[in-house]
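Working notes, structure below.
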Amino acid sequence: MAAIISDELAEEAAPPRPRRRRPVPVWRWVILVLTGVYFLIPLYAALRFAGIASFGQVVHQTGFSDALILSLKLAVMTTVLTLVLMVPTTIYVHLRLPRLRRLLESITILPIVIPPVVLIVGVLDVSPGFLKSTPYLLGLVYVILAMPFAYRALDAGLRALELRTLVDAASSLGARWPATLWRVILPNLRTALLSATVLTVALVLGEFTMASLDLYQTFPVWIVAFDQTSGPVSTAASLLALFVTWFFLMLIVTLASRRSRRGGGGQVELFSVRRTVR
Amino acid sequence: MEATNISSGTTASATGGRPASGGAPVSMQKVSRSFGTVRALNGLSLDIAPGELVALLGPSGCGKTTALRILAGFETADSGTVTVDGKNIAPVPAAKRDMGMVFQSYSLFPNMSALDNVGFGLRMRKMGTAGRRRRAHELLELVGLAAQAGQFPHQLSGGQQQRVALARALAIEPRVLLLDEPLSALDAKVRLQLREQIRSLQQRLGITTLFVTHDQEEALSMADRVGVMKDGMLEQIAVPSELYTRPATAFVAEFVGTMNRIPGELSSGGQATALGTVTDVQAGCADVPAGPVDVLVRPENLRIAAIAGGNGIVTSRTFLGSVTRISVLLSGDVTVQVDVPSATADQLAPGASVQVSLDGSPVQVAGRS
Chain A
15 MAAIISDELA EEAAPPRPRR RRPVPVWRWV ILVLTGVYFL IPLYAALRFA GIASFGQVVH
75 QTGFSDALIL SLKLAVMTTV LTLVLMVPTT IYVHLRLPRL RRLLESITIL PIVIPPVVLI
135 VGVLDVSPGF LKSTPYLLGL VYVILAMPFA YRALDAGLRA LELRTLVDAA SSLGARWPAT
195 LWRVILPNLR TALLSATVLT VALVLGEFTM ASLDLYQTFP VWIVAFDQTS GPVSTAASLL
255 ALFVTWFFLM LIVTLASRRS RRGGGGQVEL FSVRRTVR
Chain B
655 MEATNISSGT TASATGGRPA SGGAPVSMQK VSRSFGTVRA LNGLSLDIAP GELVALLGPS
715 GCGKTTALRI LAGFETADSG TVTVDGKNIA PVPAAKRDMG MVFQSYSLFP NMSALDNVGF
775 GLRMRKMGTA GRRRRAHELL ELVGLAAQAG QFPHQLSGGQ QQRVALARAL AIEPRVLLLD
835 EPLSALDAKV RLQLREQIRS LQQRLGITTL FVTHDQEEAL SMADRVGVMK DGMLEQIAVP
895 SELYTRPATA FVAEFVGTMN RIPGELSSGG QATALGTVTD VQAGCADVPA GPVDVLVRPE
955 NLRIAAIAGG NGIVTSRTFL GSVTRISVLL SGDVTVQVDV PSATADQLAP GASVQVSLDG
1015 SPVQVAGRS
């Protein structure tokens, strides 16, 4: 069957994506170098002080792998719970209760306002015994701590989508809710989901106060406890904590980018909501 | 309704052996819908014949989009009935209504190629990958975008995106096609081309179509019948020419095409006097009481002659091709538009004194505004 719509229209091509290459002014380099120096010198000093050999010792210390594994388990648990709770909530609020967005925003800020000490003492006071006896109580509390970051990331992602139209289009084409969510909304929220995941994981891998008050040896708690023995080795442990966190964040970003490219979604950019050219 | 089969060779319809597309009659009876205190629809009744394209035209907030969304299943009516093919569709969710819809803009799924967008509805109907791809290709060919099958929405222009959206809506062989201002986000030139193409495709496939727009030119040029809406009700529904020449109400008269309001008098005998001309009044103005009225006249129903000491002065002149539109300031601070053949417009330069009069054809009257 011949095309009923003539090819004239095909001429009208998509607008070229603007690719500007502005010369970077000198002062930008100055700032970049100064900032780099500010961050890197302490790291370098710490590295020199610790010496490479200390790293080997850290890994073989008692409790190292247990603490790291516990932290990673908590990170996975917190991330999964956060996404399972926050993704449907934010989507629902965007679609059905847009007026509640303000309220939700202020509620999600509470965990930042309330000091962690207060939060964990309160939680320990009221939580039932069976929860107190497992480290996974921490995971539940971390979900609350991660809420402000996860919500903001998801909210920004949803705002950049024409959510209402996409949902209507999907349903007019015969998609029920699960299909709409899985095939239309989530793939387009990739960047937001990634940001939420990275922020949550970083938060869990670095949290000290609550874990320490809950008397569980997560990775940060272990480092502090271990700090007391030998100067170079404890410095090596701190550096290792930093590198481990970096490693996992990079891993998440790399995996997500690769999946996204395969799916045609383009490069995933961390923390920035990429608006598609229209 | 010449060709009801849009795709040769894919009679194994994903929608259950029903003949490909074709039109189903649509009927909305006394449909009302309120949002809070706002009555978006106020007892709308509308019948669309199989294969017919009806445009709903009206200012923003007149309820036309609500009517479309109720038909699509995105909104529910507070009262009234909606039937397709004689069956009440109120309990049927949007996902099961088999209605193809084209939205104003940005409705393509950004994470899918043009081909996958078109195939989405078929995928939801559990059609196999090979059949789905073949059919999606055929539809992209139909809208002239076969070469763009692998491109993502952000790589397509606005016009191309809307054509993919059209192909996507047609892919599910819908019983009814719903167009929600599909052209309003496009450039004038693309809009014009796409308008003709949507219309010819719709006629060829014979799909019952409801088209919502605020652009009267679009409605008049594309639709079999145009319904003019105001305050949640139909003011008039008629073929475009009738709407233009015999508007049922003053609102329709002024909303469709250009209309002059000229102060005049309505006699108790049903004759109107304006610009010194006495003329008959059209049926449909019976509720206007005798006395001072506004006489409604189209630019082509006014006569104009360059005369020293006439009743008006030309203020501007706009060349529109075969006709030229002259703006004339009449005494009493009334400006009217008069269309004259461009060949005779030379002497009607801005500043010229002219005599404007009615051409004697029956006019419409409205209460003095």
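Chains A and B are the protein sequences, given in the same order. Just so we're aligned, residue 15 is where the first sequence starts under my numbering, counting upward by one. Just so we're aligned, residue 655 is where the second sequence starts under my numbering, counting upward by one. Here a beta-carbon is modelled for each residue, glycine too, at the ideal position from N, C-alpha and C.
- One finds S186 in chain A with Cβ atoms closer than 8 Å to the Cβ of B:M753, taken in chain order.
- Against chain A, the CB of B:R845 has no partner CB under 8 Å away; the residue lies outside that interface.
- At a cut-off of 8 Å between beta carbons, B:S838 makes no contact with chain A.
- By the Cβ test, the region 52–61 of chain A is not in contact with the region 204–221 of chain A, since fewer than three Cβ pairs between them sit closer than 8 Å.
- Residue-level contact by beta carbon holds for A:L180 and chain B, with a gap shorter than 8 Å.
- The three-state secondary structure of B:A839, taken from DSSP, is coil.
- Between B:M753 and B:I861, the alpha-carbon positions lie close to 10 Å from each other.
- Inside the region 49–115 of chain A, DSSP marks no whole beta strand (DSSP E) run of 3 or more residues.
- Across the region 884–895 of chain B, no CB contact with chain A closer than 7 Å is found for any residue.
- Beta bridge pairing from DSSP links B:E919 with B:T927 and B:P946.
- The three-state reading of DSSP puts B:E896 in helix, counting H, G and I together.
- Distance between A:L133 and A:V238, taken at the CA atoms: about 21 Å.
- Against chain A, the CB of B:I743 has no partner CB under 8 Å away; the residue lies outside that interface.
- A:M224 sits close to A:V155, with the two beta carbons spaced by under 8 Å.
- Look at B:A960 here: in three-state DSSP terms it is strand.
- A straight line joining the alpha-carbon of B:A709 with that of A:W260 spans about 59 Å.
- The beta-carbon distance between B:A803 and B:L793, rounded to whole angstroms, is 10 Å. This is too long to meet the 8 Å contact definition.
- Burial is judged here by how many other beta carbons sit within 10 angstroms of a residue's own beta carbon; B:F909 has at least 16 and is buried.
- Listed in chain order, the positions of the region 846–858 of chain B with a beta carbon within less than 8 Å of a beta carbon of chain A are Q847, L848, Q851, S854, L855 and R858.
- B:P713 is outside the set of residues whose beta carbon lies under 8 Å from a beta carbon in chain A.
- In the DSSP assignment, B:N742 is bridged to B:T737.
- The C-beta of A:V101 comes no closer than 8 Å to any C-beta of chain B.
- Counting along the chain, B:L769 sits inside the alpha helix (DSSP H) bounded by residues A768 to M778.
- The beta carbon of B:A703 sits closer than 7 Å to those of P679, all from its chain and outside the five residues before and after it, given in chain order.
- Under DSSP, B:V1008 takes part in a beta bridge, and its partners are B:A960 and B:G966.
- B:A959 is classed as exposed because its beta carbon has fewer than 16 other beta carbons within 10 Å across all chains shown.
- Counting only runs of 3 or more residues that sit fully inside the region 812–859 of chain B, the beta strand (DSSP E) segments are 830–834, in chain order.
- Taking the Cα of B:R900 as reference, the smallest distance to any Cα among B:A997, B:T730 and B:S1015 is reached at B:S1015.
- What A:A189 touches in chain B, judged by beta-carbon distance under 7 Å, is A749 and M778, going in chain order.
- Neighbours of A:A193 across chain B, judged by C-beta separation under 7 Å: M778.
- A:F240 and A:V72 have their alpha carbons spaced roughly 9 Å apart.
- Any Cβ of chain A closer than 8 Å to the Cβ of B:R822 would place that residue at the interface, and such an atom is present.
- Chain order gives the chain B residues near A:P201 as N765, where near means a beta carbon separation below 7 Å.
- Take the alpha-carbon of B:L874 and the one of B:L810: they are about 29 Å apart.
- Within the region 169–228 of chain A, the complete alpha helix (DSSP H) segments of 4 residues or longer fall at 177–186, 204–220 and 223–227, listed in chain order.
- Taking CB atoms only, B:A721 has no neighbour in chain A less than 8 Å away.
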